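For what it's worth, the working numbering labels the leading residue of the sequence shown as 156, then goes sequentially. Worksheet: one structure, shown below.
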Amino acid sequence: MTGTSIPHEELDVALGNLTNLKRLRLSHCNINAVDFIGTLTNLVDLDLSSNFDLACLPESVGNLKRLQTLDLSRCGNLESLPEIIGTLGLKSLLLEECSIELMDQASSLVHYSQTLPVFKVLSDDVSGCRKLHLLEGANHINELSILSLENVRCLEEASKAKLVDKHISELAWTVGVDRHLKDNKLLE
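Written as structure tokens, this is what we have:
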């Protein structure tokens, strides 16, 4: 259904009863709600990419216990994920070109995802480390960008993250800000 504009009420009626559906691609469909999604309990792959008006996912997404891949790339108005997403055991969570808020929330889901594109160290994190440790066991991630490394304050936890063992495509420090640790120490 790629590239089709369909009112969400019609989607509910058309797709809500397809309980054996395994793959659903609704990219570029100008949808703003997917209330029916929780009834599609056999979904393995769900592509909702490039639906800029999609503002939220329903809690019923937690019913998708077989879901392996969720593509929310370029869903610009999507600012958060239901917490239940963390229990699904996703292998791939695609969030390219999504909001900073969504990327920050997804950072805590890194152990569920092989394709989380960005991990950002938040400045309001008191210890500067509480989330960095989530990267420790994430050696299966295909490609990763780590942003705002100047916010890391705890060398011990940074070392546990074993950044040298990761497939990191980008490391970013903000220029002209105070650093809490020497840059080269983070990469040891």
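Beta carbons: idealized from backbone N, C-alpha and C, even for Gly. It should be emphasised that the depicted structure is a prediction, and the values quoted were computed from it without experimental measurement.
How should residue i be labelled, buried or exposed, when 16 other C-beta atoms within 10 angstroms of its C-beta is the threshold for buried?
i       : result
Asp-169 : It is worth fixing the name first, because residue 169 is Ala in this sequence and not Asp. By the neighbour-count rule (16 or more Cβ atoms within 10 Å), Ala-169 is not buried but exposed.
Asn-175 : exposed
So, using beta-carbon positions, are residue i and residue j closer together than 8 Å?
i       : j       : result
Thr-196 : Asn-218 : yes
Val-216 : Ile-240 : yes
Ser-235 : Glu-252 : no
Asp-226 : Leu-212 : no
Leu-189 : Arg-221 : A small correction: the amino acid at residue 189 is Val; Leu does not occupy that position in the sequence shown. No, the pair does not count as a contact, with Cβ atoms beyond the cut-off.
Leu-203 : Ser-182 : yes
Phe-207 : Cys-230 : yes
Going by DSSP, which residues form a beta bridge with residue i?
i       : result
Leu-179 : Leu-201
Ser-247 : Thr-224
Could you pull out every residue in the same chain whose Cβ sits closer than 8 Å to the Cβ of residue i, ignoring the five residues on either side in sequence?
i       : result
Glu-256 : Glu-234 and Ser-235
Thr-242 : Gly-217
Am I right that residue i and residue j are in contact with their C-beta atoms under 8 Å? What's the rounded C-beta distance?
i       : j       : result
Lys-246 : Gln-260 : At roughly 19 Å, the Cβ-Cβ gap does not stay under 8 Å, so Lys-246 and Gln-260 are not in contact.
Leu-179 : Leu-201 : 5 Å
Note down, in chain order, each residue of its chain lying with its Cβ closer than 6 Å to the Cβ of residue i, except the 5 sequence neighbours on either side.
i       : result
Ser-205 : Ser-182, His-183 and Arg-229
Ser-254 : Glu-234
Considering only residues of the same chain and omitting the five flanking positions on each side of residue i, which have a CB-CB separation below 7 Å?
i       : result
Glu-214 : Pro-237 and Ile-239
Phe-191 : Leu-166, Asp-167, Leu-170 and Gly-171
Leu-173 : Leu-195
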